[in-house]
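Asks: Numbering (this note's numbering), first residue to last: 9 to 375.
All C-beta atoms in this analysis are idealised placements derived from N, C-alpha and C, irrespective of residue type, glycine included.
Note that the structure is a prediction, hence the values are computed from the model and not measured.
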Ligand code: ADP
Ligand code: MG
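#1: By how many angstroms is the C-alpha of residue 251 removed from the C-alpha of residue 165?
#2: Assign residue 141 to buried or exposed, taking buried as 16 or more other Cβ atoms, counted over all protein chains shown, within 10 Å of its Cβ.
#3: For residue 90, count neighbouring Cβ atoms within 10 angstroms of its own Cβ and tell me buried if that reaches 16, exposed if not.
#4: Would you tell me roughly how many angstroms separate the C-alpha atoms of residue 105 and residue 169, rounded to the nearest one?
#5: Quick one: grab the DSSP three-state call for residue 141.
#6: Reducing DSSP to helix, strand and coil, say where residue 70 ends up.
#7: Using a Cβ-Cβ cut-off of 7 Å (strictly less than) and excluding sequence neighbours within five positions of residue 283, which residues of its own chain qualify?
#8: Indicate whether residue 139 and residue 103 have their beta-carbon atoms separated by less than 7 Å.
#9: According to DSSP, simplified to helix, strand and coil, what is residue 212?
#10: Give the C-beta separation of residue 182 and residue 297 to the nearest angstrom, bearing in mind that I take them to be a contact with Cβ-Cβ under 8 Å.
#11: What are the start and end residues of the beta strand (DSSP E) that includes residue 181?
#12: Run through the DSSP bridge pairs and tell me what residue 54 is partnered with.
#13: With C-beta atoms as the reference, is residue 336 less than 7 Å away from residue 318?
#14: Applying the criterion that 16 or more other CB atoms from any shown protein chain within 10 Å of the CB defines a buried residue, is residue 360 buried or exposed?
#15: Buried or exposed: residue 339, going by 16 or more other Cβ atoms within 10 Å of its Cβ?
#16: Can you name the residues that DSSP bridges to residue 187?
#17: Specify, as a first and last residue, the run of the alpha helix (DSSP H) that residue 292 falls within.
#18: Does the Cβ of residue 253 have 16 or more other Cβ atoms within 10 Å, making it buried, or fewer, making it exposed?
#19: Which residues are close to the ligand MG, meaning CB closer than 7 Å to any heavy atom, in chain order?
#20: Which term fits residue 15, buried or exposed, when burial requires 16 or more other beta carbons within 10 angstroms of its beta carbon?
#21: Helix, strand or coil for residue 358? Go by DSSP, reduced to three states.
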């Protein structure tokens, strides 16, 4: 197939945090911010990667040399990893020139890494007419991120970028990857959703993520369940009694968070998105107090947004920086955004970036 342009969006997770590596439920939606790739096929076994957002860091690689740890490191590991994962799975990728350009902030918890992988995967699929569906593509992209780029993330981000649709959140069961599109028309109910990028990333975030993940896995082992997903809120009191004190709160977060995703989906399906507010705020408290992945900047977004009239707010993404979301009455969106920015000013934090998130399309070919 001939050269063209593809796009893949970043995502915001409405609810369901740190559940995806516990086989649980998540509910992301796609942002209007995305990464585009101009892609053309090559047949000489070479992969040329460049990005308008990484000037001076272009590379040309031999496809048959691609292996985890072999690359120069840095941003090109994500797209190179996708080529590696596709080929490992038996899909013949003969080569390509890929040039990326993005409107999506990087490192903001809005999943630019997954967007980069998914846009690469979709372009290569179409260019080389590979027989791979979107779910398979998301799995290969995740493998690229985990094994090639060395970031131990769950499947939510890649599935969101590949499978979300306009006007919907994707209720995704990360155990079997079954998804359901849940209508999320906030404007029709006079509501808006703000995303606040705190523009901080705390250095220890990767290590802490790994620790939480390992904690969840050992709790599941101690409790004799395949994953924490298999526990219900009714199981919690007995489970907490059996666990060492360090692990109990992790389990309580995961179990209550899965229940919050279910409650949120129910509220959306009956057309009451405003009722998500308290569920979001409850989710934040659980991430802050039980899972301990918040930070002062994220807490300040939540507190200042709620004080200014938000219906609910929470950190979104892995935590320790990145972004938070606030559900607000549409007429108060500007006032809430101003209040958050002023609170950051008073705390002498970097000025946060506030944008309104409208549920948008997943990855697709543009031309
Ligand atoms: P997030 O996924 O939350 O944005 P990550 O740390 O997982 O944060 O991924 C960010 C990394 O992805 C960047 O450091 C860079 O290596 C890569 N990346 C994202 N977008 C681009 C882009 N447009 N061009 C080049 N690299 C990018
Ligand atoms: Mg990422």
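Replies: For this structure:
#1: 30 Å
#2: exposed
#3: buried
#4: 22 Å
#5: coil
#6: strand
#7: 275
#8: no
#9: coil
#10: Not a contact, Cβ separation roughly 24 Å.
#11: 176 to 181
#12: 70
#13: yes
#14: buried
#15: exposed
#16: 180
#17: 284 to 293
#18: exposed
#19: 119, 120, 121, 122, 159, 161, 165
#20: buried
#21: coil
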